[in-house]
Amino acid sequence: EDQGVYYYTIQDAINGAEIGDVLEITGTHNVKNIVVNKGLKIAAAAGGAKFNGLDGTRSGTGFTINTTEPVIFEGATFENYDLAIDFVAFGSARIDDCKFLNCVAAVNNHSTTTIDADTNYWGHATGPLDASPAGLYNPYGQGSTVTDYVDYQPWYNSEDIDVLPVDIAVYNPSCGHIEIRVTPNSNM
368 EDQGVYYYTI QDAINGAEIG DVLEITGTHN VKNIVVNKGL KIAAAAGGAK FNGLDGTRSG
428 TGFTINTTEP VIFEGATFEN YDLAIDFVAF GSARIDDCKF LNCVAAVNNH STTTIDADTN
488 YWGHATGPLD ASPAGLYNPY GQGSTVTDYV DYQPWYNSED IDVLPVDIAV YNPSCGHIEI
548 RVTPNSNM
């Protein structure tokens, strides 16, 4: 027996939720300027959830986070945003198994609290563009941009979100040959 409550809009569901609730969302939603002002988990239900910022042209911000409680995004696709998720304030934050497709910027962090955002697909196999040398640094990433204090490693290197990249260490011992050690990220 389903005891869930159903809402017409995502903002209505957020407004009606209690701190700590899980919002399971399915289908494609053309949404912008959604404000999350309490600790919630926003997850894709069976069948997936896609948030699309396209209304003729790519523009706007998808979600703005402004709370002191934990916020989690899980399994969702964010597509066609200037900025998918803007973290203004938060207690803690996690983004798991999400996809950022055709977004100029994926995650903007206004604080010095690190957002746990590994195991996501950033729009390209090379990962997100992180041109700031503070913290993590990925200036050759061709995916959506992230700011400082976003822990995006390891990331998925395909939209299928089933293959994590590997850490490759190359050694040149004095014996004159090269050994290559491949370590799956799950062992790091």
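First residue of the sequence shown: 368, per this note's numbering; consecutive thereafter.
Virtual Cβ for every residue (Gly too), placed ideally from N, Cα, C.
Residue i classed as buried or exposed, judged by whether at least 16 other C-beta atoms fall within 10 angstroms
i      : result
Tyr507 : exposed
Ser553 : Caution is warranted here: a pLDDT of 47 is assigned to Ser553, below 50, making its placement in the model unreliable, and no coordinate value can be reported.
Ala413 : exposed
Ala384 : buried
Gly371 : exposed
Thr376 : exposed
Gly420 : buried
Asn524 : buried
Proximity below 8 Å, CB of residue i to CB of residue j
i      : j      : result
Val471 : Asp449 : yes
Phe467 : Asn447 : no
Thr435 : Asn475 : no
Gly442 : Ala492 : no
Ile381 : Ile401 : yes
Trp522 : Gly502 : no
Val438 : Gly415 : no
Asp497 : Ala460 : no
Phe430 : Cys465 : no
Start and end residues, beta strand (DSSP E) containing residue i
i      : result
Ile528 : Ile528 -> no beta strand (DSSP E), and no H or E assigned at all.
Val471 : Val471 -> no beta strand (DSSP E), and no H or E assigned at all.
Leu450 : Leu450 to Ala456
Ser463 : Ser is not the amino acid found at residue 463; the sequence shown has Asp there. Taken as a continuous stretch (DSSP letters only), the beta strand (DSSP E) holding Asp463 covers Ala460 to Asp463.
Thr444 : Ala443 to Glu446
Closest by C-alpha distance to residue i, when choosing among the options
i      : options                           : result
Pro500 : Val517, Trp489, Asp485 and Thr493 : Val517
Thr479 : Ala456, Pro495, Arg461 and Gly494 : Ala456
Asp485 : His396, Ala498, Tyr504 and Gln520 : Gln520
Gly490 : Thr481, Ile439, Asp497 and Gln509 : Gln509
Thr395 : Ala498, Asp463, Val403 and Thr444 : Thr444
His477 : Asn397, Val530, Ile432 and Ile409 : Ile432
Ile528 : Thr481, Asp463 and Tyr374         : Asp463
Gly427 : Asn404, Asn505, Lys399 and Glu391 : Lys399
Asn323 : Asn404, Val403, Val389 and Phe418 : Here the chain covers residues 368 to 555 and nothing more, so residue 323 does not appear.
Considering only residues of the region 378-430, which uninterrupted beta strand (DSSP E) runs meet the minimum length of 3 residues and lie entirely inside it, listed in chain order? Positions of the beta strand (DSSP E) runs, each at least 3 residues long and wholly inside the region 378-430, are given as 389-397, 401-403 and 408-419 in order along the chain.
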